[in-house]
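Structure first, commentary second.
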Amino acid sequence: MTLEPGSPGLDAELVVDREGFTLEVSLEVGAGEVLALLGPNGAGKSTALQCLAGLLPLSAGSATLAGRCLDDPVAGVFVPAPERRVGMVFQDYLLFPHLSAVDNVAFGLRARGGGRRRAREQARDWLGRVDLADLADVRPAALSGGQAQRVALARALATRPRLLLLDEPLAALDASTRMQVRSDLRRHLDAYAGCTVLVSHDPLDAMVLADRLVVVEGGRVVQQGTPADVARAPRTDYTARLVGLNLYRGRAQGQSVDVEGGGTLTTAAPVVGEVFLAFAPSAVALHRDEPTGSARNRWRGRVAGLEQRGDTVRVELDASPRVLADVTVAAVAALDLTLGASVWAAVKATEIACYPA
Amino acid sequence: MTLEPGSPGLDAELVVDREGFTLEVSLEVGAGEVLALLGPNGAGKSTALQCLAGLLPLSAGSATLAGRCLDDPVAGVFVPAPERRVGMVFQDYLLFPHLSAVDNVAFGLRARGGGRRRAREQARDWLGRVDLADLADVRPAALSGGQAQRVALARALATRPRLLLLDEPLAALDASTRMQVRSDLRRHLDAYAGCTVLVSHDPLDAMVLADRLVVVEGGRVVQQGTPADVARAPRTDYTARLVGLNLYRGRAQGQSVDVEGGGTLTTAAPVVGEVFLAFAPSAVALHRDEPTGSARNRWRGRVAGLEQRGDTVRVELDASPRVLADVTVAAVAALDLTLGASVWAAVKATEIACYPA
Amino acid sequence: MLLLPAGLGFAFLVLPLLALVVRAPWRALPSLLVSPEVGTALRLSLVCATSATLLCLVLGVPLAWVLARADFPGRRLVRALVTVPLVLPPVVGGVALLLLLGRRGLVGRYLDAWFGISIPFTTGAVIIAEAFVAMPFLVIAVEGALRSADRRYEDAAATLGASRGTVLRTITLPLIAPGISAGAVLCFARALGEFGATISFAGSFPGVTQTTPIAVYLALESDPPAAIALSLVLLGVSVLVLVSLRDRWMTGASR
Amino acid sequence: MLLLPAGLGFAFLVLPLLALVVRAPWRALPSLLVSPEVGTALRLSLVCATSATLLCLVLGVPLAWVLARADFPGRRLVRALVTVPLVLPPVVGGVALLLLLGRRGLVGRYLDAWFGISIPFTTGAVIIAEAFVAMPFLVIAVEGALRSADRRYEDAAATLGASRGTVLRTITLPLIAPGISAGAVLCFARALGEFGATISFAGSFPGVTQTTPIAVYLALESDPPAAIALSLVLLGVSVLVLVSLRDRWMTGASR
Amino acid sequence: GTGAPGPLTPAAEGASGQPLSGRLTVFAAASLTGSFERLRDDFAAAHPGVQVQLNLGASSALARQIVSGAPADVFAAANPPTMATVVDAREATAPQVFARNRLQLVVPADGPGRVDTLADLARPELVVALCAVAVPCGEASARLLSSAGVTAAPDTLEQDVKAVLTKVALGEVDAGLVYRTDVLAGGGAVRGIDVPQADQVVNDYLVAVTSSTGNPSAARAFVAHLLSPRGQAVLREAGFELP
Ligand SMILES: Nc1ncnc2c1ncn2[C@@H]1O[C@H](COP(=O)(O)OP(=O)(O)OP(=O)(O)O)[C@@H](O)[C@H]1O
Ligand SMILES: Nc1ncnc2c1ncn2[C@@H]1O[C@H](COP(=O)(O)OP(=O)(O)OP(=O)(O)O)[C@@H](O)[C@H]1O
Ligand SMILES: [Mg+2]
Ligand SMILES: [Mg+2]
């Protein structure tokens, strides 16, 4: 989606140089759209948000919000943070330690010219929405981590910004509140006419809250699309793990694909050239001895990791190629899977999704 | 499990008064055991860790580690933090801003009397284990949130403490690193002879890493046991949500249970007195009109929340009693489930677990 | 381990005072306390020191902020120049003020010619002299506090729409309140004890420009025991003011 | 909005110096600069002010730490007493030191009788007088910095096994380095410009206790233009020292 | 160093006939600074074995130091009362007057010349600086004014002569009363006007050897030098009158 000039959305080409790290990311967010920025630690997500907030000037590129140029080093334009109408929730909250929770939330309202009483009223309202009405008069030092995060959320939302930047807004919330706040956030975002850029590590947050995902690695965009698109066809290891798939890149010759890093996999249909192969861990069957069934892909490895997840156990196999398999607890016992045990993995060719790299 | 006097474990009865909040929690952790503290925001988890670390003196009760009394206000004993051999990872990292990553990690080693060079070597080693070898000489301000968290983890582990306290050690890690660090942590913890108390909001972390769970709410223990026990028979709303179950408390008369807060449910077997009722969201069927099948429990409600989770959608019904239901995306379309839509829920009596309150 | 040097430091500061108290002419005190001259000098001292401190806060805090936060060529020089009045012997400082604001001073001659204003030998001159001598203390203390403060709170406030001035007023200053308090105490105390610059620039006339330190100095010539007693009175009053002021500030801002 | 008061503050501090420079007897300067007396006085001033600053750091930082961190009955009183030497007119401070450490002083008489040590009128006396007058500046500035620092870093260090002393040395002090730097600058500058207490307690012997401000005072008697020129030399030297020192400290610790 | 060495006295030895040696510490009032520096140099030239140290300051401060046990050999005070405090404390005996000073009206050299008599000090439109009564010059000024029957209207009462002089030199003050020697030291910036009544309030400078001196022969020699024609010449040059 390309925004026309003067569109109410965000159109940014962020280029920043920091010592030893360069960010080069293009973001386009329509009005009312929620974009999730995903990526491993140190990918540059927070850096990108800082640029959008006006806390870090761009080295090159430009950023335009609702037709207004916010930053353009070539043209010599830089709108400072307070004039941007951008709300931000910081990864480590940054609540003002000398103000009570309600005054923290009221701060933005007052800074934008609201009267004291009116600002406080609205702030109490917002605190109520994040279930903290009774801690309104408490100082941040006396709040728990999760409570602090929710106050930060309320503080950013209260100013009704044009562009809302959320750096892991739900990370410190406990499981029970989280679902509630997530739905509430979804509701607020739905009702919200501005653009939203959200950073999260929780794939569920991203899937539930975002209209579109942008995956950043090492300062560059490696994949983008709707949550469903990305989940269906991950293009990097990180994305694959995020959505819980095994992913390989390789060179295809007919139905056989030489996997980068070792090993060969067979696909159902013939393909050519550089491809990605993906399949779910649940598609992998484990056997003590070499399997003789219909599965066309069979290879041997050692158990490198075991992790219980509800009813199933995720098994990591050190093999060529490496693979994750989800099996039942019963299977673990039956196969006597322990760290270092040698087992066979089997995957049916029909289970493997194959798409061009 | 009760520890004999002189046992190598932790035996603590923590009582603290803070303005408007009282913590009263008993914890027993055997050597090599990992205890997970769970609870909603503001439950007192971080407060409990602070007491164990020696950063907050007890108001009453006592704490004994490996047979040594650490804190006992009645007896007038209080061992200060540096003499406790307790390692702690703080919820907001608290990396020393003026030291590089490697010096942060080396800090504890040097404070405990290690030579400078040796401490640095070991510190580099630990940084390697959390995949940050190449950021060793970087100051915390130039680390991303997740990188900072990992340095904090390495810093606490490096001192090889008797008691390891982890306040949400994995919260800021991205999905791909998280699994890796979680397995590594599990490995370190397995190899580690001391006691561990872990606070986490992620049920998966708790389930994977902990031998035993203690659920705290409002400063008090509401439930404890192995992860499996807790998952099977949650005793509070919070725990139920944590493990993804619907949970009700009620008074039973024969097979009929009057649910606290409204509504009646029918169980398969007759029961008496105060009971808990639990069933999985997937056990709930949704219907547009009143169902006529074999399900003995049928009641009507309004859709209050919808959340996509992979293939399924979790639906929250505002009804008597309130209920969560997991249905397929196809079902959502077929039933035209939108916020506020009126639907019927049906649960078979045999799906409901019933146990005394 | 820390208590030893701390105790030594305390003893170092307090023992001389103790010697003063031991040798003080206690019989002379009651009559001093009720004498109108002492009252006049004390009142003048407090009024002038307070006014000077306020003047320093109004001008000095923004200056400290600019030094700590703004980045402009020549900042090092500006900072160095701000430090200069500290090392100037106070008498020379007073002379410098005369050269600037006196009847024949660089600026003063125009004040005199155009507006008929003459600053020296007025209470205003006392305040100016005290502020000139005391302001660097405030500026340096506040700049130090600003530099150790976490700037990211200011970032957060900026994203909430607060202008630089609002950020300074509502976030930065409250966060560094202990530092400002320390600076203001230094400033007030320096102003209260100021002698050389005041007498050079403002002279000494009872009730108008003769502050307590000047009275003490003069008494030291004619009646040393009375001078010591007067100093003790000055001390007592200033300690009262400082303790009541400072503890409030410090506690108010401590987290 | 902030620039206006900041500029005014700067002008207020700098214009008098400018007036001094404009009116300074530039012809007298070259001969002053090469005269051995000036060199002697300057060297003595720098040596004494540096030693006094070091003494203040050694004794004052622990004292500030105790005031900021320890909780003991009477802390308010201790803090008040520490503030007192600030308001004491320096001449009276010198008298107090004489009463304490003089040959007939409370403590001095024993030093003299038992060890044959006599402190007044030695270079050591200059250092003591300067430290006595300057230490409160350091203590208050450092206490302010300690109070605005985030104590939870200290908690983190404690859980890593660091004793109080180690925490102070390796965590707290580096974190508040800008504050200490500010305090040390105040302290050094105050010591460098110190006059009243020094001349009372240590006298004015060329090469032994006659520091530059005292030389300025005496020159003011015999040759006023030379006195102003000498002050400018003192300023120039101290600015050089301060600028080189302070920028290093401040930048080293800024995050 | 100031002053060329004058003709050397042959008496380069003490009363006992032995050459003088050791240290000699002279406490002298600040108003004697210039003269005593020259006297010291002369004395050192005559007695190369003696190291002379000058400690200059306000007479009252010097007296306080001596009473507190300062290592002084000779004390030269600017007025009798301060010397009296030292004598009363038995720290010195037999003070001798070695110089006198008298007050002069002082005005800016480039002033409009509106001031020529003591009576002008009573004019309210003038800015007038006097010494405070607590200090010797102020006490002398007060006596002078009362003997002349003038009620002055001062704008400031300074702590010492120097403070008055500086303000006159800068033109901030139209007139003041200071000692003649100070007017001379003030150089070209100020002009002194003799006051007839000043004869009656002449101020005596006293010198004495201290009781605790460790070098009495050198101390006595210094006092003798002060009172010698050569010494008196130096003092006269600085504007002092002789006893
Ligand atoms: N102030 C800074 N100066 C220099 N480099 C920095 C600075 N802040 C961050 N970096 C570097 O920039 C890179 C991106 O950091 P950023 O905080 O944007 O990552 P992130 O994607 O938000 O990671 P996380 O998920 O862990 O928070 C990292 O390699 C980091 O080390
Ligand atoms: N310094 C303090 N003074 C007073 N009350 C405090 C202080 N710190 C925390 N509290 C209160 O104590 C309660 C427990 O806080 P704690 O930080 O232990 O919660 P938590 O279980 O760690 O929550 P979270 O999961 O959100 O981190 C909260 O209600 C909080 O408001
Ligand atoms: Mg980040
Ligand atoms: Mg917590």
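Same order as they appear, the protein sequences are chains A, B, C, D and E. Take 226 as the starting number for the first sequence in the numbering used here and just add one per residue. Take 226 as the starting number for the second sequence in the numbering used here and just add one per residue. Take 17 as the starting number for the third sequence in the numbering used here and just add one per residue. Take 17 as the starting number for the fourth sequence in the numbering used here and just add one per residue. Take 1304 as the starting number for the fifth sequence in the numbering used here and just add one per residue. All residues carry an ideal CB built from backbone N, CA and C; glycine is no exception.
Ignoring anything shorter than 4 residues, give me the alpha helix (DSSP H) runs that lie fully in the stretch 126 to 167 of chain C, in order along the chain.
If we require 4 residues or more, the alpha helix (DSSP H) runs fully inside the stretch 126 to 167 of chain C come out as 139 to 164.
From what residue to what residue does the alpha helix (DSSP H) around Q372(B) run?
Residue mapping note: residue 372(B) aligns to position 147 of the second sequence, counting from 1. Q372(B) -> alpha helix (DSSP H) spans G370 to A383.
Please go through the same chain and pick out, in chain order, the residues whose beta-carbon is closer than 8 angstroms to the beta-carbon of A256(A), but skip the five residues on each side of it.
Here residue 256(A) is taken as the residue at index 31 of the first sequence, counted from 1. Residues S232, P233, G234, A291, A418, G419 and C420 of the same chain have their beta carbon placed closer than 8 angstroms to that of A256(A), with the five preceding and five following residues left out of the count.
What does A278(A) touch in chain C if you count any residue whose Cβ is under 9 angstroms from its own?
Here the question's residue 278(A) lines up with position 53 in the first sequence. Within 9 angstroms Cβ-Cβ: D171, A174 and T175.
Below 7 angstroms CB to CB, which residues in the same chain sit around V327(B) once its five sequence neighbours on both sides are set aside?
The count along the second sequence starts at 1 and reaches residue 327(B) at position 102. Excluding sequence neighbours, V327(B) sits near R345, A348, R349, L352, A361 and D362.
For L93(C), count the other beta carbons within 10 Å of its own beta carbon; 16 or more makes it buried, fewer makes it exposed. Which is it?
For the purposes of this step, residue 93(C) is taken as residue 77 along the third sequence, with counting starting at 1. With fewer than 16 other Cβ atoms from the protein chains shown falling within 10 Å of its own Cβ, L93(C) counts as exposed.
Measure the C-alpha to C-alpha separation of G267(B) and T175(C) and round it to an integer number of angstroms.
Residue 267(B) sits at position 42 when you count from the first residue of the second sequence. Residue 175(C) sits at position 159 when you count from the first residue of the third sequence. CA-to-CA, the gap between G267(B) and T175(C) works out to about 27 angstroms.
Shorter than 7 angstroms, the distance from the beta carbon of D587(B) to the closest heavy atom of ligand 1, or not?
One cannot answer for residue 587(B) here, as it falls past the ends of chain B, which runs 226 to 582.
Using DSSP's beta-bridge definition, name the partner residues of V528(B).
As a first step, residue 528(B) is located in the second sequence; it is residue number 303 there, counting from the start. Note: V528(B) sits in a beta bridge opposite L542(B).
Identified DSSP bridge partners for W81(C)
Indexing the third sequence from 1 puts residue 81(C) at position 65. DSSP output for W81(C) lists no bridge partner at all.
Reduced DSSP category for R59(D) - H, G, I as helix; E, B as strand; rest coil:
Here residue 59(D) corresponds to residue number 43 of the fourth sequence, with the count starting at 1. Helix at R59(D).
Is V363(B) near ligand 1, judged by its Cβ being under 7 angstroms from some heavy atom?
The residue labelled residue 363(B) in the question sits at position 138 within the second sequence. True, at least one ligand heavy atom lies under 7 angstroms from that Cβ.
Y473(A): which of A366(A), G479(A) and D483(A) sits nearest, CA to CA?
As a working mapping, residue 473(A) is identified with position 248 in the first sequence. If you compare the alpha carbons of A366(A), G479(A) and D483(A) with that of Y473(A), the shortest gap goes to D483(A).
Taking contact to mean 3 or more Cβ pairs, one atom from each stretch, closer than 8 angstroms, check whether the stretch 113 to 126 of chain D and the stretch 141 to 154 of chain D are in contact.
The stretch 113 to 126 of chain D is in contact with the stretch 141 to 154 of chain D.
Pull out every residue of the stretch 1351 to 1372 of chain E whose Cβ sits closer than 9 angstroms to any Cβ of chain F, in chain order.
Absent from the structure: chain F. Protein chains present are A, B, C, D and E.
A157(C) touches chain D at which residues, Cβ-Cβ below 9 angstroms?
The sequence position of residue 157(C) within the third sequence is 141, counting from 1. By Cβ distance, chain D contributes F153, I156, A157, G160, A161, G195, A198, G199 and L202.
What is the DSSP secondary structure of N329(B), counted as helix, strand or coil?
The residue given as residue 329(B) occupies position 104 in the second sequence. DSSP places N329(B) in helix when its eight states are reduced to three.
Near ligand 2: G301(A) beta-carbon under 7 angstroms from a heavy atom:
The count along the first sequence starts at 1 and reaches residue 301(A) at position 76. Checking every heavy atom of ligand 2 against the Cβ of G301(A), none is found closer than 7 angstroms.
For Q448(A), the three-state DSSP class (helix, strand or coil):
Taking the first sequence and counting its residues from 1, the one referred to as residue 448(A) is at position 223. For Q448(A), the three-state secondary structure derived from DSSP is strand.
So is G1495(E) buried or exposed if we call it buried at 16+ other beta carbons inside 10 Å?
Locating residue 1495(E) in the fifth sequence gives position 192, where the first residue counts as 1. The Cβ neighbour count for G1495(E), taken over all protein chains shown within 10 Å, is at least 16; the residue is labelled buried.
DSSP three-state call for G1534(E): helix, strand or coil?
The count along the fifth sequence starts at 1 and reaches residue 1534(E) at position 231. In the three-state reduction of the DSSP assignment, G1534(E) falls in the helix class, which pools H, G and I.
Measure from the C-beta of Q316(B) to each C-beta in chain A and report whether the shortest distance is under 8 angstroms.
Mapped onto the second sequence, residue 316(B) falls at position 91. At least one beta carbon of chain A lies nearer than 8 angstroms to the beta carbon of Q316(B).
Strictly by DSSP, which residues pair up with L70(D)?
Position 54 of the fourth sequence, counting from 1, holds the residue named residue 70(D). Bridge partners of L70(D): none, in fact.
Considering only C-alpha positions, which residue in the set K1470(E), Y1508(E), T1484(E) and A1521(E) is nearest to P1411(E)?
On the fifth sequence, residue 1411(E) is found 108 positions in, with the first residue counted as 1. Closest option to P1411(E), judged by alpha-carbon separation, among K1470(E), Y1508(E), T1484(E) and A1521(E): K1470(E).
Proximal residues to C72(D) (C-beta, below 7 angstroms), its chain only, five neighbours per side dropped:
Counting from 1 along the fourth sequence, the entry for residue 72(D) is found at position 56. The residues are A147, A150, M151, L154 and C203.
Tell whether a beta-carbon distance below 8 angstroms holds between V441(A) and L262(A).
Taking the first sequence and counting its residues from 1, the one referred to as residue 441(A) is at position 216. Taking the first sequence and counting its residues from 1, the one referred to as residue 262(A) is at position 37. Yes, these two residues count as a Cβ contact at 8 angstroms.
In whole angstroms, give me the CA-to-CA distance for D87(D) and D128(C).
Taking the fourth sequence and counting its residues from 1, one reaches residue 87(D) at position 71. Taking the third sequence and counting its residues from 1, one reaches residue 128(C) at position 112. Our two residues, D87(D) and D128(C), have alpha carbons roughly 56 angstroms apart in a direct line.
Is it a yes or a no for the stretch 1507 to 1519 of chain E touching the stretch 1409 to 1428 of chain E, going by three-plus beta-carbon pairs under 8 angstroms?
No contact exists between the stretch 1507 to 1519 of chain E and the stretch 1409 to 1428 of chain E.
So is V376(B) buried or exposed if we call it buried at 16+ other beta carbons inside 10 Å?
As a first step, residue 376(B) is located in the second sequence; it is residue number 151 there, counting from the start. Around the beta carbon of V376(B), 16 or more other beta carbons lie within 10 angstroms, which makes this residue buried.
Can you list, in chain order, the residues of its chain whose CB lies under 8 angstroms from that of Q449(A), leaving out five sequence neighbours each side?
Residue numbering aside, residue 449(A) sits at position 224 when the first sequence is read from its first letter. The answer, listed in chain order, is R437, L438, V439, V440 and V455.
Does any heavy atom of ligand 4 sit closer than 7 angstroms to the C-beta of Q316(B)?
The sequence position of residue 316(B) within the second sequence is 91, counting from 1. The answer is yes for Q316(B).
Considering only C-alpha positions, which residue in the set E532(B), L490(B), G444(B) and L502(B) is nearest to A571(B)?
In the second sequence, counting from the first residue as 1, residue 571(B) sits at position 346. Of the listed residues, the one whose Cα sits closest to A571(B) is L490(B).
Cα separation between H323(A) and A397(A)?
Stepping through the first sequence from its first residue, residue 323(A) is reached at position 98. Stepping through the first sequence from its first residue, residue 397(A) is reached at position 172. Taking the straight line from one Cα to the other gives about 22 angstroms.
Spatial distance of L75(C) from V304(A) (CA atoms):
Here residue 75(C) is taken as the residue at index 59 of the third sequence, counted from 1. Here residue 304(A) is taken as the residue at index 79 of the first sequence, counted from 1. Their backbone Cα atoms lie some 29 angstroms apart in a straight line.
For V552(A): DSSP bridge partner residues
Start at 1 with the first residue of the first sequence, and residue 552(A) comes out as number 327. Assignment of beta-bridge partners to V552(A) by DSSP yields V538(A).
Starting from I230(C), trace the alpha helix (DSSP H) in both directions and tell me its first and last residue.
In the third sequence, the residue the question calls residue 230(C) occupies position 214. Annotation: the continuous alpha helix (DSSP H) that includes I230(C) extends over T228 to S238.
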